[in-house]
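What follows is a short report on a single structure.
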Amino acid sequence: MLANILLQIQEGTSTAVQTTSSLVQNTEKTMNIFNLASKGGWIMIALIILFIIAVYLFVERYIAINNAEQEDENFISEIKNYINKGDLEGARILTKNDETPIGKILDKGLSRIGRPIADISNSIEQVGKLEILGLEKRVSLLNSISCLGICLGALGTSISLLTAFFDMSLKAGEINFVGIYQSMITLVVGLIIGVICKILYYILEDKIKKIELFLETRKMEFIDFLQEPANQ
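Below, the structure is given as structure tokens:
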């Protein structure tokens, strides 16, 4: 009876030791991840700074582009009503109070009424191009950061591998597995940042193309309205 009790105590103690050992190992593995990230040195810091800049650029441009997409449902109808009444000043007051690209291109079109349709269309098109250029401002930086992140990651890996192989040469060919897998961290981080920035870039580019199509549609609608017999 006593032997069974002692045996149970011994088994319980062994289990507790194994559990504690497992927890310690897991903690060490978790800590090693952070240690591994710190091995990237200045290149890792540069990658983090690039990512922060990319996030800021995306948010700032996304808000600006999203604001440019806004349009009052009755905006075009009200402008048409003013034109039909012969009140061009009222129509222009309406467009000048609208800071969106659609307001600006229509204001330009209104200012050219009385001239040939081709001149009105060209003026609207030029303003539309300027508005699109304004929306595209700094968007290309996301694409540049994507490429730069990948290049920096590869550079960090190359430097770390060179260091690891140099250490192995000093230790008579002893393989430095730690140095080799640590060297991959900057490449992985650089690739992750590169892919994320590329996705963010394409999101903004897609939204800008939609606005460009939207402006072209509104331009054609405005020109067609001016060419209607009642507006000749």
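Numbering (the working numbering), first residue to last: 1 to 232. Note that CB positions come from ideal geometry on N, CA and C, so glycine has one too. Quick caveat, the model's predicted, so the values are computed rather than measured.
Around the beta carbon of Gly-103, 16 or more other beta carbons sit within 10 angstroms, so the residue counts as buried. Using a 10 angstroms sphere on the CB of Cys-147, the tally of other CB atoms stays under 16, which defines it as exposed. The C-beta distance from Glu-69 to Ile-211 rounds to 6 Å, short enough to meet the 8 Å contact threshold. For Arg-115, the pairing in a beta bridge is given by DSSP as Ile-113.
Burial check for Lys-219: the Cβ neighbour count within 10 Å reaches 16 or more, so the residue is buried. For the pair Ile-199 and Ala-54, the CB atoms are not nearer than the 8 Å cut-off. Taking a cut-off of 8 Å on C-beta distances, the region 78–89 does not touch the region 56–70, as fewer than three cross pairs fall below it. Just so you know, the alpha carbons of Gly-190 and Val-139 end up roughly 19 Å apart.
No residue range can be given for Glu-99, since it is assigned to no alpha helix (DSSP H) and is classified by DSSP as neither H nor E.
With a cut-off of 8 Å on Cβ pairs, the region 109–122 is not in contact with the region 149–157, counting fewer than three such pairs. Closest in C-alpha terms to Ile-192, from the list Phe-51, Asn-81, Asn-74 and Phe-214, comes Phe-51. Shown here, Gln-70 sits in coil according to DSSP, grouped into three states, outside any helix or strand. Measuring C-alpha to C-alpha distances from Leu-161 to each of Asn-97, Lys-209, Ile-105 and Thr-186 identifies Thr-186 as the nearest. When the five nearest sequence neighbours on each side are left out, the beta carbons in the same chain lying within less than 7 Å of the beta carbon of Gly-149 are those of Leu-47, Leu-50, Gly-190, Ile-193, Gly-194 and Cys-197, in order along the chain.
In the structure shown, Glu-228 falls within a coil segment according to DSSP collapsed to helix, strand and coil. Contact annotation, Ile-124 with Ile-105: C-beta distance approximately 5 Å; criterion of less than 8 Å satisfied. Relative to Thr-163, the option among Cys-151, Met-184 and Asn-143 whose CA is nearest is Met-184. Between Thr-95 and Ile-79, the C-beta gap is smaller than 8 Å, which places the two residues in contact.
Residues of the same chain with a CB within less than 6 Å of the CB of Asn-143, apart from the 5 flanking positions on each side, are Tyr-201 in chain order. Scanning its chain for C-beta atoms nearer than 7 Å, with the 5 sequence neighbours on each side dropped, one finds around Lys-207 the residues Ile-65, in chain order. Taken through DSSP and simplified to helix, strand or coil, Met-220 comes out as helix. Short of 7 Å from the beta carbon of Gln-227, and not among the five residues preceding or following it, lie these beta carbons of its own chain, in chain order: Ile-117. Just so you know, the alpha carbons of Lys-209 and Ile-63 end up roughly 16 Å apart.
Linking Gly-134 to Glu-205 through their CA atoms gives a straight-line distance of about 13 Å.
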